[in-house]
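Report on the structure given below.
2 protein chains.
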Amino acid sequence: MTQLALDRDELQQQLAAIIGPQNVSRRQADLVAYSHDLWPLALIWKRQGKVPYPPDFVVWPETVEEVSAMLRLANARRVPVVPYGAGSGVCGGTLPLHGGIVVDLKKMHRILAVNQTGLTVTAQAGIIGEDLERALNQRGYTLGHFPSSMYCSSLGGWLAARAAGQLSSRYGNIEDLTLGLQVVLPSGQVIRTKDTPRSAAGPDLKQLFIGSEGTLGIITQATLRMVPYPESRRLRGVLFQDVHSGLEAIRLVMRRGLRPAAARLYDENDTNIALGSLGYGVTGCLLVLGFEGDTQLTELEERLGLEICLREGGQDLGTGPGEHWWAHRYDISYKQADILSNENAISETVEVATTWDKLEPLYLAVKASLEESCFTMAHFSHAYPEGCSIYFTVVAESPTERECEGLYRRIWQGAMEACLKVGGTITHHHGVGLLKAPWLPQEYGGGYPVLQELKKALDPNDIMNPGKLGLERG
Amino acid sequence: MTQLALDRDELQQQLAAIIGPQNVSRRQADLVAYSHDLWPLALIWKRQGKVPYPPDFVVWPETVEEVSAMLRLANARRVPVVPYGAGSGVCGGTLPLHGGIVVDLKKMHRILAVNQTGLTVTAQAGIIGEDLERALNQRGYTLGHFPSSMYCSSLGGWLAARAAGQLSSRYGNIEDLTLGLQVVLPSGQVIRTKDTPRSAAGPDLKQLFIGSEGTLGIITQATLRMVPYPESRRLRGVLFQDVHSGLEAIRLVMRRGLRPAAARLYDENDTNIALGSLGYGVTGCLLVLGFEGDTQLTELEERLGLEICLREGGQDLGTGPGEHWWAHRYDISYKQADILSNENAISETVEVATTWDKLEPLYLAVKASLEESCFTMAHFSHAYPEGCSIYFTVVAESPTERECEGLYRRIWQGAMEACLKVGGTITHHHGVGLLKAPWLPQEYGGGYPVLQELKKALDPNDIMNPGKLGLERG
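Written as structure tokens, this is what we have:
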């Protein structure tokens, strides 16, 4: 907001008048804390003592009316507004590129309704995933949505960044789980789409805001599906000779119409780390295959799934590896910060997806690119009947601190170009943010101008998270 | 287009230059034939000799380049363009309200790719549903998408009107089946979204065009999921004492995590007709419950499903009623025209949906409204874990021919108001068109201005199917 000739004291008073002085901060510690998310490059900057994009204000609204009034104010004053959930995004989506107001929704964390007949839960967008899940567990239900950031991500963040949970093969992704949304537009207007399992009443406006990463409005509330907590859960490790045979097994499991909760295949490097820590002295590729739900169906699905795996040359490792994964399934979101504390280190995750016919070419192309400068391991997860995502984890070391950012950007340039060349999507579930914006026009296949037009139509003053998704503040 | 000062001869020459003179018609027979779809009110007008909305031209493009060039021309000349599939819409969505050019896509009917590994099929939008399905069947696959209009609806029509198939509980609705779209914008620009099982790269543009009913562009091609043709199919009739116990059975089947292909419950009147024709001398409510897929899973799901039904008081009628339904499942789309040939008769279908907790109130409210003037029967279908749709079929008779339209409009006014009052969605899968546009703003819960803004942004000259979805030509 430095380029805006705004009186910060005056704006602070106006914000305080709307949400109370205790909910508006210009304290340096807050501005620094909200200047980044978990984007590795932002953490590298932090390590180097740089804070390139501090906001001017951090605010904590408590009601949708407050959000609406603040947006009206910001819109009238042309002040940038950046919605903020739990800050666990890994693409720089919440960086206040042009300063302005970071709107932290964490005080809007109430569960508003649990509909046990209609199997839906309505909650405010600021609720943390694990809090929502536990509240449902206590009533005998589950969301079935388990991003690895479960403890440090919010409902609103899931929606804004199009999250996927680790059991999405069975339960669907966030867009499948969402029956209705409440959204505040930049004008302050509040939209509440109808909570319905389905409708044919025109285009589905929900899907416009899901994945919009705060560029079109603020999601303040959502109604999601929930399901009865599964009666049974069975997880199993199966060892394959190579990536190819493991992928064939997953593809055939999905093709058969089975609905695994988990189907995660680790490549050789990733298997080495995963199984090595368990004391297995083996080489190959580990598949964690899990089924859950009704006990009889789960048993039958597991039997049919295992049959396919053995036919494809898999070796049954029993329940150990699967249960180990389950116990540690949220660890990854905390690990990166540790690695990054080492001087000159780069740690990153790259997740892409495509249809089965192009999956191995995509894996090989992106891997080859990453291996030019990184130690690279990968797993395949979020299987669909039509395809699968690939999740690369890479570690690299820059010769000097100064060269870190350049190396980081070269790694991404190579990976994204390799992905697009094969026809994969540049992100399966981490989103775009600042990081992947340069490749979004190519991703969109001629549709990018449509996104630009939508942005202009819904946010004519460009106050909503300006500069994200490549939508540059004009 | 009568209000436009356009030289029709000149426009005809320009169109012919793009798509060839044989693909442009101003013949009176064509203009009358394309002046209506299967909207019952349009059929009533036809019975009365009225042709209120004839187009000025009917054209049959054969390539996306031709569609693009025509849209550029129409956009420059501000000539309305109405995309047309197979004309089986029942809401007046294709009526050329302001004249102009009806673009019949039926010559764009090629299957472009069958990806047997990635389980997708890419086809042009003008292909008829049954042709696409049979081509896949020959290769051992199925779409799993069976609208009752299967023989008289097109891929593009399914997408434009957000279709649902009769087995959607298992296979999903058209928006779930669509991996990628090709769309031509009013500017002539061609968009091709990426064929991917999923992406987190910003908002999902596909979902903007699905359900847009031709108001934002012309869908020219799509990539859909397909699945291996099911190994087994089992259909069963179960008789319940009343609607309530039958609905409870469906709700519990879905809650258990079973995936019936069909779960159709007929209310007393509908059962009377359905079972009466089979010679059953019973009263109550018939449920057709079907499972399909892998043989072992199908058997287990059917056993678990039947257990639930019997526990809820259902009486197993064996396979007869289910198989009868399967054999006649497409008949309904042909029946209406017969009834409407009777003088002063009105025949209509009203399909709404909501979550389970509001489903019986919705049924009772809409039924009460319809019964004020109609013989009314209903079935419940398209079950979800969260809710279900209700499909009313009504027949009424107007005292005179002149009063037919007024009675028709009163029937709808009452039904839609009753639906909205309970919180149901005004359409589960028939779409909006002209018929339901008056209630769309209320349906959208404050979001209707967003739709208006989108329309202005993407179609600034308002050439795309003007006047539909309530988007009035300014």
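Order-wise, the sequence lines are chains W and S.
Numbered according to my numbering, the first sequence spans residues 664 to 1137.
Numbered according to my numbering, the second sequence spans residues 664 to 1137.
Think of the CB as a built atom: it goes at the ideal place given N, C-alpha and C, for glycine as much as any other residue.
Query raised in the report: Candidates S:871, S:781, S:852, S:784: which alpha carbon is nearest residue 730 (chain S)'s?
Result: Locating residue 730 (chain S) in the second sequence gives position 67, where the first residue counts as 1. Comparing C-alpha distances from residue 730 (chain S) to each of S:871, S:781, S:852, S:784 shows the shortest one belongs to S:852.
Query - CB contact check: residue 1054 (chain S) to chain W, cutoff 8 Å - result: Residue 1054 (chain S) sits at position 391 when you count from the first residue of the second sequence. False, the Cβ-Cβ gap to chain W never drops below 8 Å.
Requested in this report: Let me know the secondary structure DSSP gives residue 1113 (chain W) once reduced to three states.
Outcome: The residue you call residue 1113 (chain W) lines up with position 450 of the first sequence. Helix, per DSSP.
Query - Neighbourhood of residue 929 (chain S) by C-beta distance below 7 Å, restricted to the same chain and skipping five residues each side - result: For the purposes of this step, residue 929 (chain S) is taken as the residue at position 266 of the second sequence. Here the set comprises 937, 948, 949, 1042.
Requested in this report: Report the residues of the stretch 777 to 789 of chain S with a CB closer than 7 Å to any CB of chain W, ordered along the chain.
Outcome: Those would be 778, 780, 781, 782, 783, in chain order.
Query raised in the report: Using a C-beta cutoff of 8 Å, does residue 852 (chain W) count as contacting chain S?
Result: Along the first sequence, one-based indexing puts residue 852 (chain W) at 189. It does; some Cβ of chain S falls within 8 Å.
Requested in this report: Could you tell me which of S:762, S:968, S:700, S:710 sits nearest to residue 909 (chain S), measuring between CA atoms?
Outcome: By 1-based counting over the second sequence, the position of residue 909 (chain S) is 246. The residue with the shortest Cα to Cα distance from residue 909 (chain S) is S:968.
Report task. Taking only runs that begin and end inside the stretch 1029 to 1101 of chain S, name each unbroken alpha helix (DSSP H) of 4 or more residues, in chain order. Result -> List check, alpha helix (DSSP H) in window: 1067 to 1085.
Query - Of the listed residues S:774, S:988, S:890, S:964, nearest to residue 933 (chain S) (C-alpha basis) - result: Here residue 933 (chain S) refers to the residue found at position 270 of the second sequence. Checked all of S:774, S:988, S:890, S:964; the closest Cα to residue 933 (chain S) is S:988.
Requested in this report: Kindly indicate which three-state DSSP category residue 954 (chain S) falls into: helix, strand or coil?
Outcome: As a position in the second sequence, residue 954 (chain S) is number 291, starting the count at 1. Strand, per DSSP.
Query raised in the report: Three-state secondary structure (DSSP) at residue 922 (chain S)?
Result: Locating residue 922 (chain S) in the second sequence gives position 259, where the first residue counts as 1. Of the three classes helix, strand and coil, the one that applies to residue 922 (chain S) here is coil, per DSSP.
Query - Of the listed residues W:1083, W:1125, W:1005, W:1058, nearest to residue 710 (chain W) (C-alpha basis) - result: In the first sequence, the residue the question calls residue 710 (chain W) occupies position 47. Measuring from the Cα of residue 710 (chain W), the nearest candidate turns out to be W:1005.
**Report entry** Range of the contiguous beta strand (DSSP E) that encloses residue 831 (chain W)
**Finding:** Translated into positions along the first sequence, residue 831 (chain W) becomes position 168. That residue, residue 831 (chain W), is in no beta strand (DSSP E); its alpha helix (DSSP H) goes 831 to 834.
Report task. Could you confirm whether any beta carbon from chain W is found closer than 8 Å to the beta carbon of residue 897 (chain S)? Result -> In the second sequence, residue 897 (chain S) corresponds to position 234, counting from 1. Not one chain W Cβ lies under 8 Å of residue 897 (chain S).
Query raised in the report: Buried or exposed: where does residue 685 (chain S) fall if 16 or more other Cβ atoms within 10 Å of its Cβ makes it buried?
Result: As a first step, residue 685 (chain S) must be located in the second sequence, where it is residue number 22. A residue is called buried when at least 16 other Cβ atoms come within 10 angstroms of its Cβ; residue 685 (chain S) does not meet this threshold and is exposed.
Query - Whole alpha helix (DSSP H) elements within the stretch 725 to 769 of chain W, 4-residue minimum - result: Within the stretch 725 to 769 of chain W, the runs of alpha helix (DSSP H) that reach at least 4 residues and sit entirely inside it are, in chain order, 727 to 740.
Requested in this report: Please work out which residues of its chain come closer than 8 Å, Cβ to Cβ, to residue 738 (chain S), disregarding the five sequence neighbours upstream and downstream, and give them in chain order.
Outcome: To locate residue 738 (chain S), count along the second sequence from 1; it is residue 75. So the qualifying residues of the chain are 849, 850, 851, 1124, 1126.
Query raised in the report: In this structure, does DSSP put residue 775 (chain S) in helix, strand or coil?
Result: Here the question's residue 775 (chain S) lines up with position 112 in the second sequence. Strand.
Query - Alpha-carbon to alpha-carbon, residue 765 (chain W) and residue 877 (chain W) - result: Walking along the first sequence from the start, residue 877 (chain W) turns up at place 214. Walking along the first sequence from the start, residue 765 (chain W) turns up at place 102. Put simply, the backbone Cα of residue 877 (chain W) is about 11 Å away from that of residue 765 (chain W).
Query raised in the report: Does DSSP put residue 1125 (chain W) in a helix, in a strand, or in coil?
Result: For the purposes of this step, residue 1125 (chain W) is taken as the residue at position 462 of the first sequence. In the three-state reduction of the DSSP assignment, residue 1125 (chain W) falls in the coil class, being assigned neither a helical nor a strand state.
Query raised in the report: At which residues does the alpha helix (DSSP H) containing residue 680 (chain W) begin and terminate?
Result: Indexing the first sequence from 1 puts residue 680 (chain W) at position 17. Segment 671 to 682, the alpha helix (DSSP H) holding residue 680 (chain W).
Query - Environment of residue 803 (chain S) [buried if 16+ CB atoms lie within 10 Å] - result: As a working note, residue 803 (chain S) is residue 140 in the second sequence. Residue burial is scored here from C-beta neighbours: residue 803 (chain S) has fewer than 16 other C-beta atoms within 10 angstroms and is therefore classed as exposed.
Query raised in the report: Is it true that the stretch 868 to 886 of chain W meets the stretch 1113 to 1122 of chain W, where meeting means three or more beta-carbon pairs spaced less than 8 Å apart?
Result: Counting Cβ pairs under 8 Å, three or more are found: they touch.
Query raised in the report: Distance, Cα to Cα, residue 675 (chain W) vs residue 1112 (chain W)?
Result: Here residue 675 (chain W) refers to the residue found at position 12 of the first sequence. Here residue 1112 (chain W) refers to the residue found at position 449 of the first sequence. When rounded, the distance between both Cα atoms is 36 Å.
Requested in this report: List the whole-angstrom C-beta distance separating residue 907 (chain S) from residue 1023 (chain S), where the pair is believed to meet the contact cut-off of C-beta under 8 Å.
Outcome: On the second sequence, residue 907 (chain S) is found 244 positions in, with the first residue counted as 1. On the second sequence, residue 1023 (chain S) is found 360 positions in, with the first residue counted as 1. About 7 Å; that satisfies the 8 Å criterion.
**Report entry** Own chain residues within Cβ distance below 7 Å of residue 1054 (chain W), not counting five before or after
**Finding:** For the purposes of this step, residue 1054 (chain W) is identified with residue 391 of the first sequence, where counting begins at 1. Excluding sequence neighbours, residue 1054 (chain W) sits near 1012, 1014, 1041, 1042, 1044.
Requested in this report: Could you check if residue 940 (chain W) is buried or exposed, using at least 16 other CB atoms within 10 Å of its CB as the buried criterion?
Outcome: The sequence position of residue 940 (chain W) within the first sequence is 277, counting from 1. Looking at its Cβ environment, which holds fewer than 16 other Cβ atoms inside 10 Å, residue 940 (chain W) is exposed.
**Report entry** Contacts of residue 909 (chain W) in chain S (Cβ-Cβ under 9 Å)
**Finding:** Within the first sequence, numbered from 1, the residue matching residue 909 (chain W) stands at position 246. The contacting residues do not exist; residue 909 (chain W) stays about 16 Å from chain S at best.
Query raised in the report: In terms of DSSP beta bridges, what is residue 1008 (chain S) paired with?
Result: For the purposes of this step, residue 1008 (chain S) is taken as residue 345 along the second sequence, with counting starting at 1. Per DSSP, the beta bridge partners of residue 1008 (chain S) are S:1060.
Query - Other residues of its chain near residue 888 (chain W): CB distance less than 7 Å, five sequence neighbours each side excluded - result: Within the first sequence, the letter at position 225 stands for residue 888 (chain W). Once the five neighbours on either side are set aside, the close Cβ partners of residue 888 (chain W) are 782, 783, 840, 842.
Query raised in the report: Ordered along the chain, which non-local residues of its own chain (more than five positions away) have a Cβ less than 6 Å from that of residue 1026 (chain S)?
Result: In the second sequence, residue 1026 (chain S) corresponds to position 363, counting from 1. Within its own chain, the residues whose Cβ lies closer than 6 Å to the Cβ of residue 1026 (chain S), once the five positions on either side in sequence are excluded, are 1053, listed in chain order.
Report task. Step through the CB atoms of chain W and report whether any lies within less than 8 Å of the CB of residue 1141 (chain S). Result -> There is simply no residue 1141 (chain S) to check, as chain S begins at 664 and stops at 1137 in what is shown.
Query - Nearest to residue 845 (chain S) (by Cα), restricted to the options S:886, S:900, S:820 - result: Numbered from its first residue, the second sequence carries residue 845 (chain S) at position 182. If we check each option's Cα against that of residue 845 (chain S), S:886 comes out closest.
**Report entry** CA-to-CA distance, residue 890 (chain W) to residue 1128 (chain S), given in whole angstroms
**Finding:** Taking the first residue of the second sequence as 1, we reach residue 1128 (chain S) at position 465. Taking the first residue of the first sequence as 1, we reach residue 890 (chain W) at position 227. So the two alpha carbons sit approximately 41 Å from each other.
Report task. May I ask which residues mark the beginning and end of the beta strand (DSSP E) holding residue 786 (chain S)? Result -> Taking the second sequence and counting its residues from 1, one reaches residue 786 (chain S) at position 123. In the DSSP annotation of this structure, the continuous segment of the beta strand (DSSP E) that includes residue 786 (chain S) starts and ends at 783 to 787.
Query - Reference residue 931 (chain W), options W:954, W:1103, W:911, W:903, closest by Cα - result: As a working mapping, residue 931 (chain W) is identified with position 268 in the first sequence. Just measuring C-alpha positions, the residue of W:954, W:1103, W:911, W:903 sitting nearest residue 931 (chain W) is W:903.
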